[in-house]
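Novice: Residue numbers (my numbering), protein chains in the order written: chain A, 172 to 424; chain B, 5 to 260.
Here a beta-carbon is modelled for each residue, glycine too, at the ideal position from N, C-alpha and C.
Here's what the structure looks like:
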């Protein structure tokens, strides 16, 4: 289980996370919603130790990863996979080499075994015959699929998704949503996504949490969250420009 | 007045901060260099990029620099009948100074800038973060091979530049300006010591370290999208070139 306790983080004096508490259930899809620049990415990067908090704990299976040295943190990271917003594929490598990368780094499997796993993972995300292509030859949706295949290469227990549907057309976005749900069903992994896409969120989430002013203001099942009367949440899910959330507090991370 | 002090102070703080970060990156790279496994494939790939791919420009630069040096020296020496010293002047100039410095500047423009651009792009497209999330240290994976390639390949390129420079000088001196070939070569052998060549090579290894470290540093800490990558690339070339000139003075003062 992943738990964030009283996490504080500021950049250049601007508070991004302000005593944030969050519990993420194992084996479920949790979607964290909030405004662009509201600290969602920062929150996600705390979970995998890319950013260390100024104060507070990030507990993964009871271990506070903020206090670990690089070697122990890397041991924990091997149980994680992350799909970045623009997939972050290594553009000097082919698609196949990208997916094989974690396997080459962290396993002693033979070349043929790795090739087979790469093929399987690519099929799992709905791609065939692309292993030899370069990432620049793929569309946005395909790149995300490859990114997901790479994130799943080591069969992680936790998969993190950084705005999985942002920048995609509605049809591709829906396909990625389905892919996330199918992947979760197939792997039983704990999935954490951040998103500002309301439709997609309620389609895929087992649990939803909303971040606002550096704190989680609502969390629970999608139905419970929808029914919540917190004004900022209602403004957000009803897509209204007027309300407690004003057009300030913008910090791109 | 206060504004002036503020500006100077701010600049000084930035310099100290940046210098600290460069040293941090250097020490981190040293530590990761000693931790096995060394990624030989990545090292060879970088050696090819820094070394083999720079060969043509270095040969062209070396040949013509040697030639022009012979021309200039000839016009000076002719005034007091010392044309025979042109060969040794070219050889000394190439091995001690122009070989290492000009080669490093060429490689800075070619490979140092590319290092900053490549790592900078990887930073802004989150590829460096992706390496962290896959439990791979980007310093080991990206910075170490580039620094090794810089330190190893610059002396190799420099010795080639020295060699073709001397040939270029010979072609101009003996072929064009009709200096006696025997005197030209004999004076060169008499005056140029092996130490001149070695010290030049040590300098070039230091320059190789500087240009790869600065290139990696500027790329590794890039922020601000495409514009940031552009800035990082320009800064890498400027900072590395200036650092090469400054360190050249101190290394030369210490060596010769």
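Could you pull out every residue in the same chain whose Cβ sits closer than 6 angstroms to the Cβ of residue 393 of chain A, ignoring the five residues on either side in sequence?
Specialist: The answer, listed in chain order, is 373, 376, 379.
Novice: With a threshold of 8 angstroms between beta-carbons, can residue 87 of chain B be considered close to chain A, or not?
Specialist: no
Novice: State the beta-bridge partners of residue 313 of chain A as determined by DSSP.
Specialist: Partner(s): none; residue 313 of chain A has no beta bridge.
Novice: With a CB to CB cut of under 6 angstroms and the five nearest residues on each side skipped, what residues in its chain are close to residue 124 of chain B?
Specialist: 223, 226, 233, 236
Novice: In chain order, what residues of the same chain lie with their CB nearer than 7 angstroms to the CB of residue 255 of chain A, ignoring the 5 residues before and after it?
Specialist: 318, 333
Novice: Within the same chain, show all residues whose beta-carbon is closer than 6 angstroms to that of residue 207 of chain B, passing over the 5 residues directly before and after it, in chain order.
Specialist: 104, 255
Novice: Pull up the DSSP beta-bridge partners for residue 185 of chain B, would you.
Specialist: Paired residue(s): none; residue 185 of chain B is not in a bridge.
Novice: For residue 364 of chain A, count neighbouring C-beta atoms within 10 Å of its own C-beta (all shown protein chains included) and say buried if the count is 16 or more, exposed if not.
Specialist: Label assigned to residue 364 of chain A: buried.
Novice: Name the two residues that bound the continuous beta strand (DSSP E) containing residue 333 of chain A.
Specialist: 329–333
Novice: Quick check on residue 217 of chain A: buried or exposed, where buried means 16 or more other Cβ atoms within 10 Å of its Cβ?
Specialist: buried
Novice: Suppose you measure from the CA of residue 299 of chain A to the CA of residue 267 of chain A; what does that come to, to the nearest Å?
Specialist: Each residue's alpha carbon lies about 11 angstroms from the other.
Novice: To the nearest angstrom, how far is the alpha carbon of residue 360 of chain A from that of residue 41 of chain B?
Specialist: 31 angstroms
Novice: Going by DSSP, what residue range makes up the alpha helix (DSSP H) through residue 366 of chain A?
Specialist: Here residue 366 of chain A belongs to no alpha helix (DSSP H); instead the beta strand (DSSP E) covers 361–366.
Novice: Per DSSP, which one or two residues make a beta bridge with residue 120 of chain B?
Specialist: Per DSSP, none; premise fails for residue 120 of chain B.
Novice: Using a C-beta cutoff of 8 angstroms, does residue 131 of chain B count as contacting chain A?
Specialist: yes
Novice: On a CA-only basis, which of B:160, B:130, B:167, B:142 is nearest residue 111 of chain B? Give me that one, please.
Specialist: B:160
Novice: Let me check one thing: in DSSP terms, what residues is residue 201 of chain A bridge-paired to?
Specialist: Answer by DSSP bridge pairing, in chain order: A:363, A:378.
Novice: Are there three or more Cβ pairs, one per stretch, closer than 8 angstroms when the stretch 178–186 of chain B is compared with the stretch 212–223 of chain B?
Specialist: no
Novice: By the 9 angstroms beta-carbon criterion, what residues does the stretch 236–258 of chain A contribute toward chain B?
Specialist: 241, 244, 245, 246, 247, 248, 249, 251, 252, 253, 255, 256, 257, 258
Novice: Can you name, in chain order, every residue of its own chain whose Cβ lies under 8 angstroms from the Cβ of residue 49 of chain B, other than the five neighbours on each side?
Specialist: 149
Novice: Which of the residues in the stretch 271–294 of chain A, read from start to end, lie with their CB under 7 angstroms from any CB of chain B?
Specialist: If the cut-off is 7 angstroms between Cβ atoms, the stretch 271–294 of chain A has 272, 273, 276, 277 near chain B.
Novice: Could I get the ranges of all uninterrupted alpha helix (DSSP H) runs contained in the stretch 6–40 of chain B, with 4 residues as the minimum, in chain order?
Specialist: 6–38
Novice: In chain B, which residues lie with their C-beta within 7 angstroms of the C-beta of residue 261 of chain A?
Specialist: 131
Novice: Whole angstroms are fine: how far does the CA of residue 231 of chain B sit from the CA of residue 230 of chain A?
Specialist: 37 angstroms
Novice: Return the CA-CA distance between residue 82 of chain B and residue 101 of chain B, expressed in angstroms with no decimal places.
Specialist: Looking at the two C-alpha atoms, the distance is approximately 23 angstroms.
Novice: Near residue 339 of chain A, what residues of its chain come up, given a Cβ to Cβ distance below 8 angstroms and the 5 sequence neighbours on each side ignored?
Specialist: 311, 312, 315, 347
Novice: Can you name, in chain order, every residue of its own chain whose Cβ lies under 7 angstroms from the Cβ of residue 8 of chain B, other than the five neighbours on each side?
Specialist: The beta carbon of residue 8 of chain B sits closer than 7 angstroms to no other beta carbon from its chain once the five residues preceding and following it are set aside.
Novice: Consider the Cβ of residue 221 of chain A: report whether some Cβ of chain B lies at a distance smaller than 8 angstroms.
Specialist: yes
Novice: Would you say residue 387 of chain A and residue 246 of chain A are within 8 angstroms of each other, going by their C-beta atoms?
Specialist: Taking 8 angstroms as the Cβ cut-off, residue 387 of chain A and residue 246 of chain A do not qualify as a contacting pair.
Novice: Check whether chain B comes within 8 angstroms of residue 424 of chain A, counting only Cβ atoms and requiring the distance to be less than that.
Specialist: Because residue 424 of chain A carries a pLDDT of 45, less than 50, the predicted location of this residue cannot be relied on, and no value is offered for it.
Novice: So what's residue 185 of chain A in DSSP terms, helix, strand or just coil?
Specialist: strand
Novice: Whose C-alpha, out of B:138, B:166, B:26, B:174, is nearest the C-alpha of residue 329 of chain A?
Specialist: When only C-alpha atoms are compared, the closest one is B:138.
Novice: Report the start-end ranges of each alpha helix (DSSP H) in the stretch 211–259 of chain B that is 4 residues or longer and not cut off at the edges.
Specialist: Qualifying alpha helix (DSSP H) stretches, in chain order: 229–259.
Novice: I believe residue 73 of chain B touches residue 204 of chain B by the beta-carbon criterion, under 8 angstroms. Please report the beta-carbon distance rounded to the nearest angstrom.
Specialist: 14 angstroms between Cβ atoms; not a contact.
Novice: Quick one: measure Cβ to Cβ for residue 53 of chain B and residue 115 of chain B, integer angstroms, because I've assumed they're closer than 8 angstroms.
Specialist: Approximately 6 angstroms separates the beta-carbon atoms of residue 53 of chain B and residue 115 of chain B; this is inside 8 angstroms, confirming the contact.
Novice: Residue 390 of chain A lies in the beta strand (DSSP E); which residues open and close that run?
Specialist: 386–391
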